[in-house]
Amino acid sequence: MYNTAIVYRNFGDPLVRLQSEKRETGPLAAENMRVKMTFAPVNASDLIPVTGAYRHRITLPAVAGYEGVGVVTQAPATAAHLVGRRVLPLRGEGTWQHYVDCPAAFAIPVPEEIDDTLAARAYINPLAALLMLQHYPPVGRHVIVTAAGSDCAGFLAQWALQQGALSVTGIYRSAIHADRLAASGIKPLLETESAAIAQAAGNAERVYDATGGALAQHLLDTMPHSGQFISYGLLSGQPFSLRQHLPVVHWFHVRHYLKTLPAAKWQEAFRMLWAYLRRSRISDAERFDLHQWQAAVRFYQTPGRTAKPLLEMR
């Protein structure tokens with residue numbers, strides 16, 4: 001049986017370094033399952049490793065992609081009941097390929113009522129949002145999220161309200177996101193509205209920041225000393241300075257929480273996630289065949305896009 005995968009053998013620009021390769025599938029390792037993929041999304045977390053940002057923990061060649069959904073075709077005896085069922089084949093090989101091998105204990109069964117286009121993106125951004133809210137609860141607080149048009153920030157904002165935040169302000173870059181944020185009960189603020197941002201930050205005791213740079217600095221300088229600033233990304237490409245001891249700054253990286261998470265806790269986390277995802281507003285999906293991966297990456301990089309690119313494994 002042959003498998004087509006999107007592979008990188010050197011670090012650099014994903015549009016240059018990623019290549020489609022066809023190869024024969026090998027034997028299935030013990031305690032692994034094999035999954036015929038249906039969809040895999042394009043995320044920043046899929047593209048950044050290709051640039052070499054995390055080269056110290058990546059062995060080349062590597063297959064791109066960290067999440068997706070598919071149907072189990074082979075499984076060990078302990079997971080035989082999952083053959084023919086939809087799962088998220090996580091914590092195994094890269095997901096931008098037709099067949100993925102993954103540890104059976106960490107594969108996540110997909111509930112029947114969750115469609116493929118939602119299931120395919122139920123890991124990277126939702127799990128990060130859930131863990132941040134568990135570790136830095138928003139209940140009874142005024143909250144700010146930056147990069148509010150992004151998927152992770154969208155989950156953070158919606159779920160913070162569901163968990164009892166007094167208010168949530170979403171700072172966005174493209175005006176196309178304003179109506180969608182307001183429809184979810186989130187107060188939209190354009191990132192150039194410095195005075196309004198300073199006023200919102202003056203009451204905010206939780207800031208979940210994905211941008212860094214000047215916006216992060218502005219928020220840190222104006223929020224209460226009793227607040228907590230959670231940094232989980234640097235989309236601006238620029239750092240910020242710690243000019244004072246307060247408010248407290250936390251650095252959140254989801255991989256730090258997953259290293260020691262046993263299979264039972266891993267499965268439990270997703271049972272909670274399905275419940276949240278069922279009642280969440282999510283972005284639309286734009287489908288691309290796997291051989292159109294370059295178009296999918298370019299679409300992902302388009303400023304102001306409102307849909308998530310999904311690679312379809314036909």
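Just so you know, full-length UniProt numbering puts 167 at position 167 of the sequence shown, and the rest follows in order with no gaps. Glycine included, C-beta positions come from ideal geometry on N, C-alpha and C.
Residue i versus residue j: straight-line alpha-carbon distance, rounded
i: THR213; j: GLN238; result: One point to set straight first is that residue 213 is Gly, not Thr, in the sequence displayed. Cα to Cα, the separation comes out at about 4 angstroms.
i: PRO138; j: ARG91; result: 29 angstroms
i: SER241; j: GLU112; result: 47 angstroms
i: ALA263; j: LEU161; result: 29 angstroms
i: LEU235; j: PRO61; result: 26 angstroms
i: THR192; j: PRO103; result: 46 angstroms
i: CYS152; j: THR211; result: 12 angstroms
i: GLU31; j: LEU47; result: 29 angstroms
i: TYR257; j: GLN301; result: 28 angstroms
i: ALA196; j: PRO303; result: 23 angstroms
i: PRO188; j: GLY202; result: 16 angstroms
i: PHE50; j: ARG298; result: The sequence shown places Val at residue 50, not Phe. Their Cα atoms are separated by approximately 15 angstroms.
i: ASN3; j: THR260; result: 31 angstroms
i: SER45; j: HIS245; result: 30 angstroms
i: THR25; j: PRO76; result: 17 angstroms
Local Cβ density within 10 Å of residue i, reported as buried at 16 or more and exposed below that
i: TYR172; result: buried
i: TRP159; result: buried
i: GLN134; result: exposed
i: TRP293; result: buried
i: THR169; result: buried
i: ASP289; result: exposed
i: MET272; result: exposed
Best match in the options for proximity to residue i [C-alpha to C-alpha]
i: TYR54; options: ALA104, ASN10 and ASN32; result: ASN10
i: ARG314; options: MET37, THR95 and GLN294; result: MET37
i: THR306; options: PRO109, GLU268, ALA175 and THR260; result: ALA175
i: LEU117; options: GLY26, LEU246, ALA178 and VAL87; result: Looking at the sequence provided, one finds Thr at residue 117 rather than Leu. Minimum Cα distance to THR117 is reached at VAL87.
i: VAL100; options: MET1, HIS253, LEU246 and GLN267; result: MET1
i: ARG278; options: LEU60, ASP115 and MET33; result: ASP115
i: ALA296; options: GLY65, ALA29, ASN32 and PRO61; result: GLY65
i: ILE6; options: SER184, GLY304, HIS291 and SER280; result: HIS291
i: GLY68; options: ASN43, ALA79, LEU60 and ALA275; result: ASN43
i: ILE186; options: LEU130, ALA200 and GLN217; result: ALA200
i: LEU181; options: ALA198, GLY149, GLY202 and SER194; result: GLY149
i: GLY84; options: TRP274, LEU190 and VAL72; result: VAL72
i: TYR123; options: ASP284, ARG255, GLU286 and PRO247; result: ARG255
Rounded distance between the beta-carbons of residue j and residue i, thought under 8 angstroms
i: TYR228; j: ARG206; result: Sequence inspection shows Gln at residue 228; the Tyr mentioned does not correspond to that position. About 6 angstroms separates the two Cβ atoms, so the contact holds.
i: VAL145; j: ALA165; result: At roughly 10 angstroms, the Cβ-Cβ gap does not stay under 8 angstroms, so VAL145 and ALA165 are not in contact.
i: MET132; j: TYR8; result: MET132 to TYR8, Cβ: 29 angstroms. No contact.
i: LEU311; j: PHE39; result: 7 angstroms
i: HIS218; j: ALA204; result: The Cβ separation is near 12 angstroms, so there is no contact.
The ligand MN heavy atom lying under 6 angstroms from the CB of residue i
i: ASP115; result: Only the bare structure without any ligand can be found here, which leaves the ligand MN out of the picture.
Runs of beta strand (DSSP E) lying entirely within the segment 98-129, each at least 3 residues, in chain order | 99-103
Entirely enclosed alpha helix (DSSP H) segments - the UniProt domain "Alcohol dehydrogenase-like N-terminal" (32-112), minimum 4 residues | 44-51
What residue ranges within the segment 179-208 form continuous beta strand (DSSP E) runs of no fewer than 3 residues, ordered along the chain?
-> 187-190
For the segment 133-160, which segments carrying the beta strand (DSSP E) assignment without a break, of at least 3 residues, lie completely within its bounds, in sequence order?
-> 142-145
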